[in-house]
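K.L.:
What follows is a structure written as structure tokens; I'll ask about it next.
Protein chains: 2
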Amino acid sequence: MALMELKEAKDKFIHTWGTLATQWGINRTMAQIHALLLLSSKSMNADEIMADLQISRGNVNMNLRDLMDWKLIYKQLLPGERKEFFIAEKDIWKVAKQIAKERRRREIGPLIEAMEDLKEGIQPDTVEKEEFLKIVNDISKVSIFADNTMTSLLKSDENWLMNNFIKVFNK
Amino acid sequence: MALMELKEAKDKFIHTWGTLATQWGINRTMAQIHALLLLSSKSMNADEIMADLQISRGNVNMNLRDLMDWKLIYKQLLPGERKEFFIAEKDIWKVAKQIAKERRRREIGPLIEAMEDLKEGIQPDTVEKEEFLKIVNDISKVSIFADNTMTSLLKSDENWLMNNFIKVFNK
DNA sequence: AAAAACTTTCAGAATATTTTGAAAATTCAA
DNA sequence: TTGAATTTTCAAAATATTCTGAAAGTTTTT
């Protein structure tokens with residue numbers, strides 16, 4: 001890519017972030033608002049975001065709330081201001097942890113629950129049922145493994161893998 | 001959940017797999033066909049799948065091809081049969097590895113590329129540009145870390161984490 | 001207490017994704 | 001070859017998701 005001006009690069013960042021997010025099952029506007037706030041040194045209010053991204057007030061409001069649920073942005077009440085301002089978590093490592101945590105909760109949790117439900121509902125009293133339960137059990141094990149792996153990766157900064165990473169990251 | 005008959009449990013499995021898949025950004029029908037084949041001891045052809053899930057031929061065809069791209073199912077040519085039959089990979093650990101691999105490729109790869117592009121386009125000749133590049137660089141580092149972590153988890157069965165798991169899994 | 005400033009909600013509109021099914025393309029047996 | 005069997009394609013229809021904007025709700029100021 002050729003040299004760009006900052007404004008152009010920021011727009012490209014916001015646009016790219018939005019496009020990639022849809023690939024991850026995340027709403028495009030939510031990702032764009034997040035990108036905008038990530039790049040903004042000051043906190044922003046709803047009107048500023050509306051103007052910047054050219055989207056409606058309702059859309060901004062709902063996605064700001066979702067971003068707060070994900071703990072990727074925080075509300076900031078400025079003295080002397082009626083409006084609510086929002087600021088993004090700038091520590092990218094925290095952002096990544098937060099996203100991974102949320103996705104683990106949304107994607108792996110329900111899978112584990114569903115397999116448990118199925119296990120409980122079936123008695124292994126025929127060969128066919130045993131075969132079915134084998135699959136359910138295997139999925140159950142893999143998903144619990146994935147869940148544990150995520151948790152141990154995220155939980156402890158003493159983790160060897162993470163330390164290894166942090167060394168590189170803090171250079 | 002109360003006790004269920006096998007048919008009921010299989011239907012629930014297929015339905016659940018489809019619903020969860022949409023949460024993971026995977027097409028519902030693709031997931032249901034996958035679930036159906038996972039639970040089937042015999043390989044199935046397009047007509048059988050159409051009848052079973054009550055979906056159109058075009059839909060079955062396109063999702064079978066996607067599932068083959070993901071390497072979650074294989075085409076099986078039976079002697080004396082004109083029709084193509086499909087069978088799912090039954091080793092759930094392989095299935096999980098395959099899914100993780102594909103998602104890594106789709107979700108992390110483009111992110112790394114996009115950040116590299118942005119880095120190249122901007123010269124750090126002002127404070128604002130330096131701040132921008134800091135964020136891009138941090139995201140770049142985190143995504144490369146995630147990519148490496150995935151790769152090392154998946155690549156080697158000599159990996160301590162995986163061995164640890166396999167011991168439990170093979171019990 | 002009333003009004004102004006601001007936030008939230010949500011029904012309908014707009015957009016995006018998935019599905020259908022018939023036509024076109026391909027494969028294979030005779 | 002021909003034609004029957006099967007697979008693939010793709011435009012249009014159906015469905016699902018996201019967005020808008022005005023009305024309703026809330027908070028703060030006067």
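Chains as they are written, first to last, in the numbering used here: chain U, 1 to 171; chain C, 1 to 171.
C-beta atoms are modelled at their ideal positions from N, C-alpha and C, and glycine is treated no differently.
Here the structure is a predicted model, which is why all the values come from computation and not from measurement.
Can you check whether the CB of C/N45 is closer than 7 Å to the CB of C/F85?
P.N.:
yes
K.L.:
Taking 7 Å as the cut-off, decide whether the C-beta atoms of C/L39 and C/K10 are in contact.
P.N.:
yes
K.L.:
If I follow the unbroken beta strand (DSSP E) through C/K83, where does it start and stop?
P.N.:
Where C/K83 is concerned, there is no enclosing beta strand (DSSP E), given that its DSSP letter is neither H nor E.
K.L.:
For the alpha helix (DSSP H) containing U/K75, name the first residue and the last one.
P.N.:
Here U/K75 belongs to no alpha helix (DSSP H); instead the beta strand (DSSP E) covers I73 to Q76.
K.L.:
Could you tell me which chain U residues have their CB closer than 7 Å to the CB of C/I139, listed as they occur along the chain?
P.N.:
I92
K.L.:
Work out the CA separation of U/L118 and C/A88 for me, nearest whole Å.
P.N.:
20 Å
K.L.:
Name, in chain order, the residues that DSSP records as bridge partners for C/N148.
P.N.:
In the DSSP output, where bridge partners are listed per residue, C/N148 has none listed.
K.L.:
Using a Cβ-Cβ cutoff of less than 8 Å, which residues in the same chain neighbour C/K75 once the five nearest sequence positions on both sides are dropped?
P.N.:
M68, E84, F85 and F86
K.L.:
Which term fits U/T16, buried or exposed, when burial requires 16 or more other beta carbons within 10 angstroms of its beta carbon?
P.N.:
buried
K.L.:
Counting only the same chain and skipping the five closest in sequence on each side, list residues whose C-beta sits under 6 Å from that of C/I150.
P.N.:
At residue 150 of chain C the sequence reads Met, which differs from the Ile that was named. Excluding positions up to five away in sequence, the list reads R104.
K.L.:
Taking only beta-carbon atoms, is C/P124 less than 7 Å away from chain U?
P.N.:
no
K.L.:
Between C/P79 and chain U, is any beta-carbon pair separated by less than 7 Å?
P.N.:
no
K.L.:
Sorted by chain position, which residues of the same chain lie with C-beta nearer than 8 Å to U/N63's C-beta, five sequence neighbours on each side aside?
P.N.:
N27, T29, M30 and I33
K.L.:
Could you list which residues in chain C have their beta carbon closer than 9 Å to that of U/F132, in chain order?
P.N.:
Per Cβ cutoff of 9 Å: L6, A9, K10, F13 and L39.
K.L.:
Listing by chain order, which chain C residues have their CB less than 9 Å from the CB of U/G25?
P.N.:
T22, Q23, W24, G25 and I26
K.L.:
C/I108 to C/A146, Cα distance in whole Å?
P.N.:
Rounded to the nearest angstrom, the gap between the Cα atoms of C/I108 and C/A146 is 8 Å.
K.L.:
Give me the DSSP bridge partner(s) of U/M44.
P.N.:
U/F86
K.L.:
Going by C-alpha to C-alpha distance, which of U/K141, U/E102 and U/R106 sits closest to U/L72?
P.N.:
Ranking the options by Cα distance to U/L72, first place goes to U/E102.
K.L.:
Take C/G25 as the anchor and find which of U/E8, U/R82, U/V127 and U/R106 has the nearest alpha-carbon.
P.N.:
Closest in alpha carbon position to C/G25, among U/E8, U/R82, U/V127 and U/R106, is U/R106.
K.L.:
How long is the line joining the alpha carbons of U/E130 and C/K97, rounded to whole angstroms?
P.N.:
For the pair U/E130 and C/K97, the Cα-to-Cα distance works out to about 24 Å.
K.L.:
Do U/D138 and C/I14 count as a contact pair if the criterion is CB distance below 7 Å?
P.N.:
no
K.L.:
Can you give me the C-alpha to C-alpha distance between C/V142 and C/E8, rounded to a whole angstrom?
P.N.:
44 Å
K.L.:
Using the beta-carbon of each residue, which ones in chain U are nearer than 9 Å to C/A114?
P.N.:
K12, F13, T16, W17, T19 and L20
K.L.:
With a threshold of 7 Å on Cβ separation, who are the neighbours of C/I122 within its own chain once the five nearest residues in sequence on each side are excluded?
P.N.:
K129, F132 and L133
K.L.:
Taking just the CA atoms, how far does U/I99 sit from U/W70?
P.N.:
7 Å
K.L.:
Does the CB of C/E128 have a neighbour CB from chain U at under 7 Å?
P.N.:
yes
K.L.:
For C/E116, which residues of its own chain have a beta-carbon under 6 Å away from its beta-carbon, when the five flanking residues on both sides are left out?
P.N.:
Excluding its 5 nearest sequence neighbours in each direction, C/E116 has no C-beta neighbour in its own chain below 6 Å.
K.L.:
Would you identify the three-state DSSP class for U/W214, choosing helix, strand or coil?
P.N.:
Nothing about residue 214 of chain U can be reported from this structure: the residues present for chain U run from 1 to 171 only.
K.L.:
Kindly indicate if chain U contains any beta-carbon less than 7 Å away from that of C/G121.
P.N.:
yes
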